[in-house]
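Read top to bottom, the protein sequences are chains A and B. Numbering that gives the first Met the number 0 puts the first residue of the first sequence at 0, with every later residue one more than the last. Numbering that gives the first Met the number 0 puts the first residue of the second sequence at 0, with every later residue one more than the last. Think of the CB as a built atom: it goes at the ideal place given N, C-alpha and C, for glycine as much as any other residue. Since the structure comes first, as structure tokens, the remarks are kept for the end.
2 protein chains.
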Amino acid sequence: MTLFQQQMDCCLNRIEADLASRMDRLPKGLQAQVVEAMKYSLLGGGKRIRALLVLEFCRICGGDPEQALPFAAAIEMVHAYSLIHDDLPCMDDDDLRRGKPSCHIAFGEAIALLAGDALLTLAFETAADADLAPRQTLRAVRELSHAAGTAGMIGGQVLDIENLADDLDTLQTMCAMKTGALIRVAARLGCIAAGAGEEQIRLADRYGQKMGLAFQITDDILDITGDAAVLGKPVGSDAGNQKTTFTTLLPLETADALAQELLEESLAAVEEMTGSGEFIVQLTHMLATRRR
Amino acid sequence: MTLFQQQMDCCLNRIEADLASRMDRLPKGLQAQVVEAMKYSLLGGGKRIRALLVLEFCRICGGDPEQALPFAAAIEMVHAYSLIHDDLPCMDDDDLRRGKPSCHIAFGEAIALLAGDALLTLAFETAADADLAPRQTLRAVRELSHAAGTAGMIGGQVLDIENLADDLDTLQTMCAMKTGALIRVAARLGCIAAGAGEEQIRLADRYGQKMGLAFQITDDILDITGDAAVLGKPVGSDAGNQKTTFTTLLPLETADALAQELLEESLAAVEEMTGSGEFIVQLTHMLATRRR
Chain A
0 MTLFQQQMDC
10 CLNRIEADLA
20 SRMDRLPKGL
30 QAQVVEAMKY
40 SLLGGGKRIR
50 ALLVLEFCRI
60 CGGDPEQALP
70 FAAAIEMVHA
80 YSLIHDDLPC
90 MDDDDLRRGK
100 PSCHIAFGEA
110 IALLAGDALL
120 TLAFETAADA
130 DLAPRQTLRA
140 VRELSHAAGT
150 AGMIGGQVLD
160 IENLADDLDT
170 LQTMCAMKTG
180 ALIRVAARLG
190 CIAAGAGEEQ
200 IRLADRYGQK
210 MGLAFQITDD
220 ILDITGDAAV
230 LGKPVGSDAG
240 NQKTTFTTLL
250 PLETADALAQ
260 ELLEESLAAV
270 EEMTGSGEFI
280 VQLTHMLATR
290 RR
Chain B
0 MTLFQQQMDC
10 CLNRIEADLA
20 SRMDRLPKGL
30 QAQVVEAMKY
40 SLLGGGKRIR
50 ALLVLEFCRI
60 CGGDPEQALP
70 FAAAIEMVHA
80 YSLIHDDLPC
90 MDDDDLRRGK
100 PSCHIAFGEA
110 IALLAGDALL
120 TLAFETAADA
130 DLAPRQTLRA
140 VRELSHAAGT
150 AGMIGGQVLD
160 IENLADDLDT
170 LQTMCAMKTG
180 ALIRVAARLG
190 CIAAGAGEEQ
200 IRLADRYGQK
210 MGLAFQITDD
220 ILDITGDAAV
230 LGKPVGSDAG
240 NQKTTFTTLL
250 PLETADALAQ
260 ELLEESLAAV
270 EEMTGSGEFI
280 VQLTHMLATR
290 RR
């Protein structure tokens with residue numbers, strides 16, 4: 000096992016244990032069903048990219064990743080809620096998520112709706128409970144809600160469900176909002192947890208911006224070339240949905256080259272932040288070139 | 000027009016103007032549709048009870064109500080989101096809200112779902128943006144998310160949709176969570192905005208607890224004895240849904256007496272806080288005895 004894999008496993012174990020213990024602290028009364036649905040979706044796998052970025056950017060900026068855990072957990076909760084609501088019949092109507100029945104298939108639509116609402120709500124309680132200077136914590140709450148709102152993730156979802164992204168520019172805007180905003184804010188919140196200065200936050204933001212897009216392009220490529228068993232979801236679903244993606248607008252090699260370019264730009268930003276960013280470099284390569 | 004009515008109009012105008020200006024600051028890009036849906040539901044009437052309580056408890060505690068406006072707006076956003084999601088087909092499936100088509104009837108289910116999500120998200124950005132000491136603001140964010148989550152509002156919604164409240168005790172628990180938690184936190188946040196001490200917050204909490212329940216019992220009584228045109232919704236809807244309410248479990252006079260008792264208890268708490276609480280006394284009477 001390489002050093003990178005060891006570090007990765009160590010981070011992931013810490014993230015999973017932290018999320019599980021937060022779920023264990025939820026009420027166990029008559030509302031147990033919604034808590035079960037929250038656990039099912041939050042703890043049911045996932046790559047934890049956003050949480051990893053929070054912890055790693057905190058470390059890069061000289062902070063203790065333990066202190067960034069509440070922000071990492073909060074972002075994973077926002078991500079999990081967005082997937083539950085995205086899968087609902089009135090949205091993408093997906094029965095399968097990570098190789099398991101979607102939340103609404105397992106728990107019914109009403110409980111799935113409420114489990115998503117509850118994860119979003121809990122995300123802000125979790126972030127606001129961080130053991131940092133109140134000013135830093137408050138900034139993190141504001142940035143997280145802004146990134147998750149109409150100027151960010153939800154805005155991107157609107158463009159997506161209304162099929163507004165039919166050219167490359169709009170598609171990039173949509174991705175920057177729908178998936179990019181949360182990845183960017185993950186990198187930023189890691190810096191904020193470390194008490195980093197504005198220049199570090201700016202570079203982390205740039206990293207997140209470039210890497211988020213590279214990640215999305217890779218996703219689209221994998222939807223064509225990937226292996227359903229590895230992905231945990233059917234391939235070709237984008238084509239089936241007649242959705243515009245980077246691979247419907249661009250030849251495969253062009254999309255691939257664009258992802259590579261963005262990957263290099265993201266690494267250039269992170270290299271300005273640190274001389275020894277071996278972990279983040281390998282993590283970024285892994286995320287942006289999953290097919291190789 | 001009585002002094003009370005003048006004060007009420009003045010507060011309501013301030014609240015409406017504040018909410019409208021917050022909506023005007025939202026993005027006007029391709030995601031405009033979700034912003035329209037948010038405006039439709041947030042600005043489309045409503046009694047603003049929760050916002051009024053925030054401002055009034057701030058004033059009672061010697062604070063400037065202007066400083067409490069972000070908390071008032073945040074709570075109204077949480078309330079508006081909960082109504083949008085409650086009305087969805089997978090929940091109560093209500094086509095009408097305040098005499099107008101529900102959000103999902105006017106905008107479609109997907110946009111209504113996202114508009115609810117976006118209002119909840121914006122609530123935390125709004126609260127976190129209050130111009131108070133960071134420690135106070137952070138406490139407000141934590142208390143708001145806790146009240147809106149599985150231990151509060153969402154927990155109550157689960158008991159409601161699963162029809163778990165079939166005895167008086169559970170019905171009171173359900174109401175304390177579903178509507179009570181947000182009313183309590185409104186009173187608490189007003190105190191927090193004023194920088195009030197723990198004893199004031201405790202009394203405000205007690206007020207909210209009693210008044211919230213009185214308010215709910217009144218709602219159930221109005222569903223039987225009320226006038227659809229005044230209520231803006233059909234009467235008898237609870238009976239049609241075969242829902243357990245205070246009026247299915249108790250004779251009308253007993254329910255009425257219980258509401259009266261709770262009303263007096265809520266006023267006793269507020270009288271401990273202030274010698275000259277004329278406005279809150281009249282407001283409470285109005286809310287808890289709307290049928291007279």
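Judging by CA-CA distance, which residue of B/Pro88, B/Gly45, B/Ile104, B/Pro100 is the nearest neighbour of B/His78? B/Gly45
A/Ala109 beta carbon less than 8 Å from that of B/Met173: Not a contact, by the Cβ cut-off of 8 Å.
Strictly below 8 Å CB to CB, what residues from chain A border B/Ala147? Thr120
Counting contacts by CB-CB distance shorter than 8 Å, is A/Gln30 in contact with chain B? yes
Between which two residues does the alpha helix (DSSP H) harbouring B/Thr288 extend? Looking at the DSSP string, B/Thr288 is not in any alpha helix (DSSP H), and its letter there is neither H nor E.
In whole angstroms, what is the alpha-carbon distance linking B/Leu137 and A/Leu167? 41 Å
Anyone know if the C-beta pair for B/Gly154 and A/Pro26 falls short of 8 Å? Yes, Cβ-Cβ distance for B/Gly154 and A/Pro26 is below 8 Å.
So which residues on chain B does A/Phe123 lean against when the C-beta distance must stay under 7 Å? Phe123, Val140, Ser144
Could you give the C-beta distance for A/Ile220 and A/Asp255, rounded to a whole number, given that I count them as a contact under 8 Å? 6 Å
Which class does A/Arg58 belong to by DSSP, given the choice of helix, strand or coil? helix
Give a yes or no on whether the minimum CB-CB distance between B/Gly207 and chain A is below 8 Å. no
At least three beta-carbon pairs within less than 8 Å, the stretch 178 to 187 of chain B to the stretch 259 to 267 of chain B: no
What would DSSP say about B/Arg96, mapped onto helix, strand or coil? strand
Taking the C-alpha atoms as reference points, what is the distance between B/His84 and B/Ser144? 17 Å
is_contact[B/Leu87, chain A] using C-beta, thresh 8 Å: So, interface residue.
Since B/Gly179 contacts B/Leu54 with CB under 8 Å, what's their CB separation in whole angstroms? Not really, about 19 Å apart at Cβ, beyond 8 Å.
Please give the ranges of any alpha helix (DSSP H) in the stretch 241 to 286 of chain B, keeping only runs that are unbroken, at least 4 residues long and fully inside the region. 245 to 248, 251 to 272
Quick check on B/Ala109 - is its C-beta less than 8 Å from some C-beta in chain A? yes
Span of the alpha helix (DSSP H) holding A/Asn162? Segment: none, A/Asn162 is in no alpha helix (DSSP H) and carries neither H nor E.
Please name the residues in the stretch 157 to 179 of chain B whose beta-carbon is closer than 9 Å to at least one beta-carbon of chain A, in chain order. Val157, Leu158, Ile160, Glu161, Leu163, Ala164, Thr169, Thr172, Met173, Met176
Could you give the DSSP three-state label for B/Leu212: helix, strand or coil? helix
Just to confirm my understanding: we take B/Lys209, look at its own chain, exclude 5 residues before and 5 after, and list those with CB closer than 6 Å. What are they? Leu261, Glu264, Ser265
Determine the extent of the alpha helix (DSSP H) in which B/Lys38 is found, giving its start and end residues. 31 to 41
Cutting at 6 Å between CB atoms, please list the residues of its own chain near A/Cys57, excluding the five before and the five after it. Pro64, Ala67, Gly189, Ala192, Ala193
Every unbroken alpha helix (DSSP H) within the stretch 130 to 210 of chain B, with a cutoff of 4 residues, ordered by chain: 133 to 147, 152 to 160, 167 to 174, 180 to 192
If the criterion is Cβ atoms closer than 8 Å, does the pair A/Leu52 and A/Met22 meet it? no
With 8 Å set as the bound, which would you pick, yes or no: does the beta-carbon of A/Arg291 sit closer than that to a beta-carbon of chain B? The predicted position of A/Arg291 is uncertain, since its pLDDT is 42 and thus under 50; a value taken from the coordinates is nonetheless stated next. Not closer than 8 Å to any Cβ of chain B, the Cβ of A/Arg291 fails to qualify, so no.
C-beta atoms of B/Asp159 and B/Lys177 nearer than 8 Å: yes
With B/Leu112 as the anchor, note down where its alpha helix (DSSP H) starts and where it stops. 108 to 127
Under three-state DSSP, which class holds A/Cys89? coil
Can you give the beta carbon distance from A/Leu119 to B/Thr120, rounded, assuming they're within the 8 Å contact cut? 7 Å
Beta-carbon of B/Ala127 versus every beta-carbon of chain A: anything under 8 Å? yes
Under the assumption that B/Ser81 contacts B/Met152 (Cβ atoms under 8 Å), give the Cβ distance between them as a whole number of angstroms. 6 Å
Candidates A/Ile200, A/Glu15, A/Glu142, A/Ile223, of which the one nearest A/Thr273 by Cα: A/Ile200
Whole-Å CB distance - B/Ile279 paired with B/Thr246, under 8 Å assumed: Not a contact, Cβ separation roughly 27 Å.
Sequence-distant residues of the same chain with beta carbon closer than 6 Å to B/Ile104, five excluded per side: Asp94
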